[in-house]
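Under the numbering used here, read the sequence shown as residues -10 to 871, first letter to last. Ideal Cβ placement from N, Cα and C applies to all residues, glycine included. On a predicted model such as this, the values are computed, not experimentally measured, just so you know. Worksheet for the structure shown next.
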Amino acid sequence: MRRHLQRLWTRAFSRPADDELAAELASHLDMQTDDNIHAGMSPEQARRAAVLKFGSLEAAKENHRDARGFPFFHALHRDIRHAFRSFLRRPVFTTIAVLSLALGIGSTTAVFSIVDCALFRSPAYNNPDQLVSIGVVAPLIAPYDWMFSGPYQEWRRASPETAFETLTSWTRVSDCDLASPTPARLACADVEHNFLSVLGVSVSAGRNFTREEDREGGPAAALISAHLWRTRFGSDSTVVGKRMSIDGITRTIVGVLPDSFELPSAAKADVLVPQRLREGAQRQRIIRVIGRLRPGVTPARAAAQLAGPFQLFTNSAPADFRKAVQMQLRIETLKDQQTKQNRLASWVLLGAVFSVLMIACANVSNLLLTEAAARRKELAMRAALGATRVRLIAQRLTEAFLLAGWGACVGLALAYGLLRAAAALAPEGILRLHEAALDARVLLFTIGISAVTAITVGFTASVEKPRQEELTGGRISGSRTNLFKRCFIAAQVAASIVLLTLAGLLVTSLRNLQAAPMGFAPENVIAASFTLNAQNYTTAEKQIAFTTQIEDRLRQLPGVEAVAIADTLPPGDDPRSVPFVAMVGGGDRSAPGMSGTVMWRYVTSDYFRAMGIRVLQGRPFTIEDARADGQVIIVNETLAARLFPDQAAVGKEAWNSVARSRIVGVAADVRNAGVDKLAQPEFYVVRRHQPGGIYDNQRPPYGWRHATALIRTALPEHTATELARSEFAQLDPALPVDIITVRQHVDKYLQRPRFTGWVLTVFAAMGLLLAAVGLYGVISYTVAERTREIGVRIALGAATSAIVRMTLHDGMKWVAIGAITGLVLSLAVGRIASGLLFGVRGQDPVVYGAALAILTVTGLSACAIPARRAARVDPAVTLRNE
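See the structure below:
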């Protein structure tokens, strides 16, 4: 047998022109050997029969002549056939490799689909890169970029021709009511008549607004969304021209918006109505401005050209207002404005899932390296028969591409399931999550990462060149394969540490958010929000009468402990605010401590009892406070300490938004600005039973038409909700009411950090599992490879414990290297992700210690089984086999 192979080897290398034929012969020998093994022959008999069948180069020459026109495809066909046969002989190896790649590719594809919609795709406008948001940054006035309508109209008339092609404006989304046989609460936005044309959006049916409809006294018109058209009007093709009542105003539907339409803030609106900015009136109306830049103009250049008008605008404001508000001009693209809130979380998720993919690649590379070590004799024989290094690498790449292709197919099915689960379980507010799908763009990404994965895995599996010593029975020492396998293990461990620490930080942050004292008791409280119809409740007296009646009716329900009416629902429901300097009745208003803002709310007398807020000093509001002529307020602890440091605040006076008021109580701090925000200075104004200066100063949506009834009850939530809804229906059957428990309202602010934390926890668990499987496989193979050495050591008197320690040391050494590397990387990742954390530092030692402990236990568990197997080696059997 050996002489025959040597003769074939000599003939192949004596004719350099026939190197390819020799490689062809080697391939045919391998395939024939596989067929013989499947026929029941032993490996030795199978190889001998294959050599006898292809004992010369004639068969190879003939095959070569047949494929002379397409040598590449012929070689590829041979490699694919060989890879298929090889994988069929090793189903366990193939299954583990494909599933590992499927986990990595599938999860990466799903997360990329979500992140692609949130970060990389531009809004569905014409030339969206030219569209910018133009506004003033001043959190005191609004949490977004804003502009007063008066200065905007002046800027529009005198806008620098070299900067903008055109300007338009709109008003933020607010609640509106559709009056019909079935009343409904909708989302409405006021827009200028040129709003859609500036964005480059065309209606799918009907027409856009006209200039006349956008003027005071013009025809009442509306554009409806495609969703409202389908759900409310049954996709009626004749909907254009029909009428509907919005907030008591009968409007004509002039068009239907396209399905893909979204506002510049990425919010959805059911109805658009003309904005109707009036010249010389409502100059302080807050609007949002959009501009289309001229080609070649950058946002920075546009900001420089608006610097002069903006300076005139700020100089026109009172000095106290300028100091408190600290206004700045900001011009940014719509894409940047939409993605900035989701950017950090998206990049963190994408980085985490790429870590899982890297762990999967390292796992499969280790499997192929181990498999390559078992095939050393085969590869050495193929090299001896003339197969070049390139041909051998091509064969390994073919195998890797097949594995990656199968992994991608299974991974796409997994990605589809993950996207469906994300759409069902993910919270609201993740930008364009509903648009995430396995479209052509995502499929190209999947093909790309699969190809990169295959190339990475294929080349790493070909690091060791076949040696002729394998054909003579000699032993190979100093193999680079073992080093590569251990380096891959260290890389897997490092990535796992990063995932574990990041997941630990986010879960700890979520736990801190859930445990943080809110300052009120949300349990057993339901909130019923409503907006009174502007047509039916035209006067302040009518609005006050309705809220007074509903409060009295709700208080009479069985099981009700307290009822209150408030203008906003904490936390995070956009309360009003005033400059801190406006609350100080005198003194030096330019002093450093005068900056900042103070939030405030309208509430009725039972508000503190209904919400479970403690009044620490003084007293809560009473019914007499609502009827009296005097102004009284209650301040929270933070504001009391700031207004009157080291003094009792009760009995002192301070200015509310329009009048000097007496402080009658100090309430406990409440996280009214948001679950993840510390308590801010805040005061409460009693909701009085007759119009006054404060009432007259408000405009929709901040007027008394909008309110929230808070009901603390001992009844079950469902029963209390139905009873409350019945009372509203009896008082006004056409009034839409949104009822939610306060606990559900608070939980909405925890949904996003909870979702991010659990997703990263799943990724960390996947990475840890893959790393443990890889470590177990490498140590098991190392034990099998060192069986003779271990047998000799035991024969010479080595104790079982020494063998176990040696095996554990061999595995845990690389675990330690990977852990140290991972901890260093985790420090950097924790610093980057600090913006997602609450109540925990990005370098928290407890989290890092827990991650290290979990990985250590996992590593020891993965090494323990191979170590026990090594300790049970029978030296007599081992030496006899040798």
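Asked, Found
"When the Cα atoms are used, what is the spatial distance from arginine 500 to arginine 743?", "9 angstroms"
"Give the secondary structure of arginine 319 by DSSP, where H, G and I count as helix, E and B as strand, and everything else as coil.", "strand"
"Grab the span of the alpha helix (DSSP H) containing phenylalanine 198 for me, first residue to last.", "Per DSSP, phenylalanine 198 belongs to no alpha helix (DSSP H) and is neither H nor E."
"My assumption, with CB atoms under 8 angstroms, is that methionine 600 sits in contact with valine 653. Please give the rounded CB distance.", "Incorrect: roughly 18 angstroms between the Cβ atoms, too far for contact."
"Just reading off the beta strand (DSSP E) that arginine 281 is part of, what are its end residues?", "275 to 282"
"Look at the Cβ atom of valine 192, then the Cβ atom of leucine 167, and state whether they are nearer than 8 angstroms.", "no"
"Whole angstroms is fine: what's the gap from glycine 848's alpha carbon to arginine 775's?", "20 angstroms"
"Using the C-alpha atoms, what's the distance from proline 670 back to phenylalanine 569?", "9 angstroms"
"Is it the case that the Cβ atoms of threonine 708 and alanine 516 are separated by a distance below 8 angstroms?", "no"
"Grouping DSSP H, G and I as helix and E and B as strand, with all else coil, what is leucine 120?", "strand"
"For valine 549, which beta-bridge partners are listed by DSSP?", "Thr702"
"Which residues share a DSSP beta bridge with cysteine 872?", "This structure cannot settle anything about residue 872, because the visible part of the chain is limited to -10 through 871."
"Give me the residue from Thr322, Thr328, Asn197, Arg219 with the minimum Cα distance to proline 263.", "Asn197"
"From serine 439 to alanine 808, what distance separates their C-alpha atoms?", "28 angstroms"
"Our contact map puts isoleucine 103 next to alanine 411 with C-beta atoms below 8 angstroms; I'd like the distance itself, whole angstroms only.", "6 angstroms"
"What residue from Thr227, Arg67, Ala194, Val260 has the CA that sits closest to tryptophan 159's CA?", "Val260"
"Over the uninterrupted alpha helix (DSSP H) stretch that includes proline 568, give me the two end residues.", "Run containing proline 568: none in the alpha helix (DSSP H); it sits in the beta strand (DSSP E), 565 to 568."
"Looking at the structure shown, is glycine 285 part of a helix, part of a strand, or coil, going by DSSP?", "coil"
"By Cβ distance below 8 angstroms, which residues in the same chain neighbour valine 829 in space, the five residues on each side in sequence not counted?", "Leu494, Thr497, Ser498, Asn501, Val836"
"Cβ atoms of isoleucine 123 and isoleucine 320: under 8 angstroms apart, would you say?", "yes"
"Here's a check: name, in chain order, each residue in its chain whose Cβ is nearer than 6 angstroms to the Cβ of leucine 546, leaving out the five neighbours to either side.", "Leu712"
"Any idea what DSSP makes of glutamate 671, helix, strand or coil?", "strand"
"Give me the Cα-Cα distance between glutamate 778 and arginine 858, rounded to the nearest whole angstrom.", "14 angstroms"
"What are the uninterrupted segments assigned as beta strand (DSSP E) that are 3 or more residues long and contained completely in the stretch 214 to 242, given in chain order?", "232 to 235"
"Hey, how far is the Cα of leucine 876 from the Cα of tyrosine 526?", "Because the chain here runs from -10 to 871, residue 876 falls outside it and cannot be looked at."
"Is it buried or exposed for serine 715, if we count other Cβ within 10 angstroms and need 16 for buried?", "exposed"
"Taking Cβ positions, are isoleucine 94 and glycine 437 nearer each other than 8 angstroms?", "no"
"Put methionine 801 into one of helix, strand or coil per three-state DSSP.", "helix"
"Report the partner residues of leucine 759 according to the DSSP bridge assignment.", "DSSP output for leucine 759 lists no bridge partner at all."
"Checking 8 angstroms against the spacing of the C-beta atoms, do asparagine 645 and methionine 588 come in under that value?", "no"
"Under the assumption that alanine 349 contacts alanine 258 (Cβ atoms under 8 angstroms), give the Cβ distance between them as a whole number of angstroms.", "No, alanine 349 and alanine 258 are not in contact; Cβ-Cβ is about 43 angstroms, not under 8 angstroms."
"Is it a yes or a no for the stretch 627 to 640 touching the stretch 732 to 743, going by three-plus beta-carbon pairs under 8 angstroms?", "no"
"Determine the direct distance from the alpha carbon of alanine 293 to that of lysine 802, and round the result to whole angstroms.", "59 angstroms"
"Please report how far the alpha carbon of phenylalanine 109 lies from the alpha carbon of isoleucine 602, in whole angstroms.", "44 angstroms"
"For the beta strand (DSSP E) that serine 872 lies in, which residues bound it at each end?", "Residue 872 cannot be examined here, being either before or after the span of the chain that is shown, -10 to 871."
"Cα separation between phenylalanine 137 and arginine 274?", "5 angstroms"
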